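Mapping of the sequence shown onto this note's numbering: position 388 corresponds to residue 391, and the numbering continues sequentially without gaps.
All C-beta atoms, glycine included, are put in the ideal place defined by N, C-alpha and C.
All figures in this text were calculated on a predicted structure; none of them were measured in a lab.
Here's the structure, in structure tokens; my notes come after.
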Amino acid sequence: MYKKYLEKYEHLKDWERIGIGEQLRRWAGKYPDKTAFIAESGELTYSEFDAETDKAARGFLQLGLKTGDKVVLQMPNVMAYPVTLFALYKIGVIPILALYAHREKEVRSMISLTGAVAYIVPEKFQGYDFVALAKKMQSEFDSLKYVIVDGDGGDVKLSDIKSEEGELPEVDGYSNAHLLLSGGSTGIPKLIPRTHTDYIYNMVKCAERCRMTEDDVYLVALSGEHNFPLCCPGILGTLRAGGTVVLCKNSSPDEILDLITEYGVTVTALVPTMALMCISLFENDDYYDLSSLRLLQVGGAMLQDAQADEIMAKYPCKLNQVYGTTEGLMFITEVDDTDDVIKSCQGRPIDDATEIRIVDENGNDVPEGEYGEVICRGPFTIDGYFEAPEANKTSFNEEGFYLTGDKAMRDKENRYRLAGRVKEQINRAGEKIMPSEVEELLCKNERIIDAAVVGIDDDMLGQKICACIIYKEGAAELKYKELIDFLSSEGLGSYKMPDEVRMMTEFPLTNMNKVNKVELKKMIENE
Ligand code: AMP
């Protein structure tokens with residue numbers, strides 16, 4: 004982000020030009036003896052965490068890292084992850100937050116785009132040999148001076164990077180804090196440069212919306228490098244409030260439920276699939292105790308109405324719908340919204356300073372209550388991807404609005420309801436169909452647990468509609484006619500009826516855990 008762009012927002016409350024590392028110092032000063040982090044390996048209080056990150060920050064400087072250097076950080080949710088992350092924030096070294104699900108293709112593109120000087124990895128995680136990947140990258144890129152491993156096998160051991168001596172530099176709040184990865188529906192992720200100042204501002208607004216307090220225990224269930232568990236309000240929002248962050252290493256439903264039970268978790272963030280998967284587990288096992296939960300945040304992908312109903316009926320807490328983009332823009336429901344409101348929308352914008360428009364394909368505003376593409380410009384939405392001139396031409400308009408590609412409508416209460424991606428729209432013989440509409444109805448069927456609808460190329464129609472369906476365990480597959488009759492009974496227009504149906508046991512997912520529709524389409528077309 005450019006300084007000039009950020010200066011426009013200096014009048015905002017909670018807008019501060021200081022680094023995230025400095026923020027941590029303040030939080031540690033306020034809550035020194037409270038538990039900041041709980042991980043498999045142990046616990047750290049705020050003052051211990053602050054001290055650990057200071058030591059690691061000095062160690063990184065001694066190793067030769069300098070303010071402005073880029074480093075690929077790819078770690079599971081273990082204690083070394085936040086310690087390393089905050090150490091890098093404290094010296095203005097810019098981590099590229101790779102997910103542990105990223106592999107050679109994605110990591111290669113991150114290094115080649117940024118000239119990263121170091122790559123920080125676990126030794127092995129979930130059976131994958133990260134050291135081998137890191138060594139391979141090192142043989143390809145001269146820029147990559149250090150392979151740093153949380154374990155053995157690298158140039159340097161992460162646990163050896165610490166020092167009691169040395170001054171830490173002052174970090175400008177308007178400098179780049181980290182490079183996050185864009186969700187996208189496929190392919191190589193684009194890099195999202197967020198500054199210290201805008202990221203903290205974004206977090207403060209999420210934390211206020213979710214009413215985070217010192218009593219909150221937040222579970223990092225999704226990969227901690229993702230924007231959702233990092234900032235919405237996530238790790239940062241919990242630390243600001245003086246709460247406790249619990250790290251869930253493998254992100255499996257049983258581990259999530261175990262940790263909620265063991266540590267009295269009050270808030271966590273899940274994608275819809277994960278939230279639904281947990282239900283079948285805790286319904287069948289009395290050991291799990293979810294009574295401490297006050298807020299279950301669900302976001303990152305479409306939550307169908309029937310799925311929202313299921314979650315609201317089964318979890319003993321409020322559902323908190325979150326629509327978020329790592330690029331910035333966010334909507335979140337209010338803690339005291341009624342269930343009917345929560346079910347019907349993804350909430351209101353988290354701040355007043357963001358300009359949000361809903362436009363048609365010509366860029367003109369649509370009337371209230373009608374669907375269009377959401378575009379926005381504001382204090383914490385980026386004005387361009389990192390080193391991506393081509394993508395920037397298509398993702399931002401001339402006035403600097405970010406074109407989300409998401410389809411939504413705004414009601415008179417300033418609440419937003421998402422309806423999938425603009426680009427996902429299927430064009431069948433000139434008729435436009437939003438897959439999300441068909442998916443939502445399919446999920447209402449009592450035998451169906453999840454559905455993904457894609458447009459398949461067709462000589463006659465241009466595209467035909469293919470519905471891919473996952474059935475509930477033990478449920479019998481619907482015959483084609485039964486399915487069409489069901490959709491008709493739900494009122495679906497005849498031109499929106501699936502031309503083809505596929506039964507599946509799982510969908511291909513992107514690294515961000517969204518249904519990879521491009522891959523799904525390819526699978527069907529290659530059959
Ligand atoms: P990411 O940057 O990975 O968080 O992905 C952002 C994208 O995920 C958005 O542009 C939407 O397409 C999608 N998304 C996020 N939250 C929701 C939601 N609650 N409902 C529907 N789509 C969502």
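Name, in chain order, the residues that DSSP records as bridge partners for residue i.
i	result
residue 75	99 and 122
residue 65	According to DSSP, residue 65 bridges with nothing at all.
residue 484	According to DSSP, residue 484 bridges with nothing at all.
residue 590	Nothing can be reported for residue 590, as the shown portion of the chain is limited to 4 through 530.
residue 264	Paired residues: none, contrary to the question.
residue 46	41
Need the endpoints of the alpha helix (DSSP H) that residue i sits in, please.
i	result
residue 141	133-143
residue 230	230-234
residue 237	237-244
residue 537	Here the chain comprises residues numbered 4 to 530, so residue 537 is not present and cannot be evaluated.
residue 506	Premise fails: residue 506 lies in the beta strand (DSSP E), 503-507, not in any alpha helix (DSSP H).
residue 199	199-212
residue 345	342-347
residue 26	23-33
residue 281	275-286
residue 250	Element bounds for residue 250: not the alpha helix (DSSP H) but the beta strand (DSSP E), 247-250.
residue 111	107-117
Can residue i and residue j be called in contact, C-beta distance under 8 Å?
i	j	result
residue 8	residue 386	yes
residue 66	residue 152	no
residue 74	residue 110	no
residue 458	residue 468	yes
residue 382	residue 30	no
residue 472	residue 247	no
residue 420	residue 349	yes
residue 500	residue 490	yes
residue 330	residue 405	yes
residue 161	residue 87	yes
residue 366	residue 410	no
residue 105	residue 516	no
residue 27	residue 53	yes
residue 425	residue 408	yes
residue 353	residue 209	yes
residue 245	residue 274	no
residue 498	residue 434	yes
residue 24	residue 174	yes
residue 258	residue 279	no
residue 522	residue 511	yes
Go to residue i, then tell me how far its beta strand (DSSP E) extends in each direction, as first and last residue.
i	result
residue 410	405-413
residue 325	321-327
residue 359	358-362
residue 471	465-474
residue 390	Taken as a continuous stretch (DSSP letters only), residue 390 belongs to no beta strand (DSSP E), as it is neither H nor E.
residue 333	333-335
residue 422	419-424
residue 316	Unbroken run through residue 316 is the alpha helix (DSSP H), 308-317; no beta strand (DSSP E).
residue 457	451-461
residue 184	179-184
residue 541	Residue coverage of the chain in this structure runs from 4 to 530, which leaves residue 541 outside it and unanswerable.
residue 429	429-431
residue 298	298-302
Taking only beta-carbon positions, decide if residue i is within less than 8 Å of chain C.
i	result
residue 283	Within the model displayed, chain C is absent; a lone protein chain is all it includes.
Can you tell which of the options has the C-alpha that lies nearest to the C-alpha of residue i?
i	options	result
residue 295	141, 457, 142 and 222	222
residue 3	421, 80 and 112	Because the chain spans 4 through 530 in this model, residue 3 falls outside it and cannot be assessed.
residue 235	128, 24, 313 and 324	324
residue 97	353, 389 and 305	389
residue 379	474, 145, 359 and 372	359
residue 289	310, 261 and 504	261
residue 150	131, 127 and 123	123
residue 82	38, 71 and 113	38
residue 456	130, 448, 450 and 443	443
residue 131	156, 103, 113 and 115	103
residue 127	214, 145, 155 and 322	155
residue 77	198, 488, 351 and 101	101
residue 241	212, 253 and 264	212
residue 12	487, 488, 177 and 495	177
residue 445	412, 461, 428 and 485	485
residue 71	45, 47, 182 and 214	182
Is residue i near ligand 2, judged by its Cβ being under 7 Å from some heavy atom?
i	result
residue 413	As far as ligands go, the structure on display features ligand 1 and does not contain ligand 2.
Original post:
Does the stretch 189-204 come within contact of the stretch 219-227, defined as at least 3 CB pairs closer than 8 Å?
Top reply: no
Original post:
Any chance the stretch 200-208 sits against the stretch 415-427, with 3 or more Cβ pairs inside 8 Å?
Top reply: Output reads no: the stretch 415-427 does not touch the stretch 200-208.
**OP:** Count the C-beta pairs between the stretch 88-95 and the stretch 135-155 that are closer than 8 Å, then say yes if the count reaches three, no if not.
**Re:** No: fewer than three Cβ pairs fall under 8 Å.
Original post:
Are at least three pairs of beta-carbons, each pair with one atom in the stretch 137-149 and one in the stretch 102-120, less than 8 Å apart?
Top reply: yes
Original post:
Are the stretch 259-275 and the stretch 298-317 in contact at 8 Å, needing three or more beta carbon pairs?
Top reply: yes
Original post:
Does the stretch 55-72 come close enough to the stretch 158-178 that 3 or more CB-CB pairs lie under 8 Å?
Top reply: Yes, the stretch 158-178 is in contact with the stretch 55-72.
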